[in-house]
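What follows is a short report on a single structure.
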Amino acid sequence: MVLKRLSLSLFLGFLLTSLIVPSSIARFVVEKNSLRVTSPDKIKGTYDSAIGNFGIPQYGGSMAGAVVYPKDNKKGCKEFDEFGISFQSKPGALPTFVLVDRGDCFFALKVWNAQKVGASAVLVADDMEEALITMDTPEEDVSSAKYIENITIPSALIEKSFGETLKKALSNGDMVNVNLDWREAVPHPDDRVEYELWTNSNDECGVKCDMLMEFVKDFRGAAQILEKGGYTQFTPHYITWYCPQAFTLSRQCKSQCINHGRYCAPDPEQDFSSGYDGKDVVVENLRQLCVFKVSNETKKPWVWWNYVTDFQIRCPMKEKRYNKECADAVIKSLGLDAKKIDKCMGNPDADSDNPVLKEEQNAQVGKGSRGDVTILPTLVVNNRQYRGKLEKGAVLKAICSGFEETTEPEVCLSGDVETNECLDNNGGCWQDKTANITACRDTFRGRVCECPLVDGVQFKGDGYSHCEVSGSGRCKINNGGCWHESRDGHTFSACLDVDGGKCQCPPGFKGDGVKSCVGKSGTEVRSAWAAVWVILLGLVMAGGGGYLIYKYRLRVKHGAHLFFLFKTITSVKFYLAFCSLQASVYYTNIKNSVGLSIVKISIQLFRSTI
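Quick note on numbering: the sequence shown equals residues -26 to -1, 1 to 584 in mature numbering (1 follows the signal peptide of the UniProt record, and there is no 0).
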């Protein structure tokens, strides 16, 4: 049994080292962040440091701290509590950056031990002069799995010579202050971030696979929001290897590879005699690639996240459901075209290249500023490999740092990536406690002090010590910051609801309009209102009296006019009695004519009075 496992290990080792691109042309790029010493003056400057592949680097931001080198437990492999050491910063002091030496234990364990006693970041000094490497998590270590996922502070590997420089300054009693800067760790060439995830469908590969599966589930929502909004372009990738020509007909290659040894994956259980084979993993990887390609053709590339998540839940290896039947059921439930996916996958038994997997192998080779993909899983953002914990908030912060400032989408300002600096003394920004309004806003880049927009009303000011409302509608917000008071059911306000309006006491009041307005007492105000009503009542009564007099005079005038007309007619009648017959006839005509006129005039005068 021992011999069998030894031969298997030797074969797998040979396979993995020979399946990757030849070392003569391989190019490994270490992702770095800027480390700047701000004091003492004699060592001021910028130095290289390699970002650790665990914890949560502050992508898009920076962190300042004071370096401490412990007298005991200098490699950090034991718990600092055993030596009575604490790195907890005192209120008002800079965060503590712990400097430890490389060696004797995992990088991650050093960082975990320092974090537990209050360290804000860890610098690991190399123990030999060599090119910087990426500090990674241990493979298949059950004990480390318990703490790796709980590491939340950033860490970096520094060169041995720089480490010695820091130690010498500290031994001389100097205060060594350092600034870790991740703002340029991810480039931002345009308003869209391009990122890719190198993953694997194998769910039985230990701690890293568990972390990968959990990340895909948690990040799905944010990824789909970014993709649907056109803010990002996401591409999944899958690592495969080829089997050396001399072993293509061996049992091992046949069980781990498809297309006659061209595309391989390690056996999930590392046991060729039972369970699933490596080729089962390659086939599912190929299927997931084709799911992405088919969904991308329908302009819905985000469906990949649904498929991968659902497949993890519904088709796990432990339950013996990791197969085509289960995969087809997931495809059907998502409304994908199964025939197109099968056509994309091609024939895994053919002695020829598979275009999809061939493209994946070519993509593993580093291009531009991105090195070869050798760590699984690997996240690449704007052609830079992400280093840090594969966790929703940390990854979202890294992706958001790829946007130019002020162009990031709303999801980048969500609670998942907030720094929560506003919780401490309101971040040092202006606030109105009465109206519960603040200028402090948490972002993934850190807090910013900006006068807010509240209910459509914009505040203006420096955001730190002063913000005031401006523009139309300003009086809706805390009365525009002006004086106001209610008296006897009447509200008096010094706020003028106009653009550029200042606080001005209302008529009858005097004061600054902001803190106070002093005016008439309540009795004087009531007397003034009473006088106004008396004047108005007098005017109404005078107007009514004038109207009645006018009506009376009009009627008297019309009556006198009628009396004169009738008197005239009577005089004419007596005069005509002494005239001739013709005069009598003439009188009759005149009477009729005059009488008709009198009637018409009387009717008109009557109608004018009603």
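Glycine included, each C-beta is placed from N, C-alpha and C at the ideal position.
- In its own chain, leaving out the 5 sequence neighbours on each side, no residue places its CB closer than 6 Å to the CB of Lys90.
- In this chain, the alpha helix (DSSP H) harbouring Val255 covers 252 to 271.
- Boundaries of the beta strand (DSSP E) harbouring Gln432: 431 to 435, taken from the DSSP string.
- Classified as buried, Ala368 has 16 or more neighbouring CB atoms from the shown chains inside 10 Å of its CB.
- The C-beta of Gln219 has fewer than 16 other C-beta atoms within 10 Å across all chains shown, which makes the residue exposed.
- In terms of Cβ geometry, Cys456 and Val488 form a close pair [threshold 8 Å].
- With a threshold of 16 other beta carbon atoms within 10 Å, Val347 meets it and is buried.
- If you draw a straight line from the Cα of Glu138 to the Cα of Asp416, it is about 37 Å long.
- Taking C-alpha positions only, Gly249 is separated from Arg295 by approximately 12 Å.
- The region 92 to 102 makes contact with the region 121 to 137; the number of CB pairs closer than 8 Å reaches 3 or more.
- Non-local C-beta neighbours of Pro44 in its own chain, meaning closer than 6 Å and more than five positions away in sequence, comprise Ile59, ordered along the chain.
- Here the region 331 to 341 makes no contact with the region 270 to 279; the two share fewer than three CB pairs at distances below 8 Å.
- By the neighbour-count criterion, in which a residue is buried when 16 or more other Cβ atoms sit within 10 angstroms of its Cβ, Trp507 is exposed.
- Within its own chain, no residue has a Cβ closer than 6 Å to the Cβ of Glu104 once the five positions on either side in sequence are excluded.
- Excluding five sequence positions before and after Asp155, the CB atoms of its chain that fall closer than 7 Å to its own CB belong to Asn7, Ser8, Arg10, Ser36, given in chain order.
- Counting of Cβ neighbours within 10 angstroms places Thr412 among the buried residues, the total reaching 16 or more.
- With respect to Asn453, Ser444 sits apart: the two C-beta atoms are not nearer than 8 Å.
- DSSP, read as helix, strand or coil, puts Trp279 in helix.
- Take the alpha-carbon of Lys314 and the one of Asn321: they are about 13 Å apart.
- Ala197 sits away from Phe189, with the two beta carbons spaced by 8 Å or more.
- Annotation for Asp302: Ala312 place their beta carbon closer than 7 Å to its own, counting only its chain and skipping 5 residues before and after.
- Under DSSP, Ala40 takes part in a beta bridge, and its partners are Thr70, Asn151.
- When rounded, the separation of the alpha-carbon atoms in Gly195 and Leu370 is 11 Å.
- For the region 325 to 355, the continuous beta strand (DSSP E) assignments of 3+ residues that do not extend past its boundaries occur at 352 to 355, in sequence order.
- Excluding sequence positions up to five before and after Asn27, its CB lies within less than 8 Å of the CB of Thr108, Met109, Asp110, Thr111, Ile349, Arg361, Gly362, all in the same chain and listed in chain order.
- Rounded to whole angstroms, the separation of the alpha carbons of Ser23 and Asp486 is 58 Å.
- Bridge partners of Pro242 according to DSSP: none are assigned.
- In the structure shown, the three-state DSSP call for Glu442 is strand.
- Assignment of Phe189 by DSSP, reduced to helix, strand and coil, places it in the helix class.
- Cβ-Cβ distances below 7 Å link Gly50 to Val74, Lys84, Asn87, Ala88 in the same chain, with the five nearest sequence neighbours on each side left out; the list follows chain order.
- A direct Cα-to-Cα measurement between Val431 and Val41 gives close to 46 Å.
- Going by DSSP, Val98 is part of the beta strand (DSSP E) stretching over 95 to 99.
- Less than 8 Å separates the beta-carbon of Val355 from that of Ala372.
- Bounds of the alpha helix (DSSP H) holding Ile373 are 366 to 374.
- Here Gly401 is buried, its C-beta having at least 16 other C-beta atoms within 10 Å.
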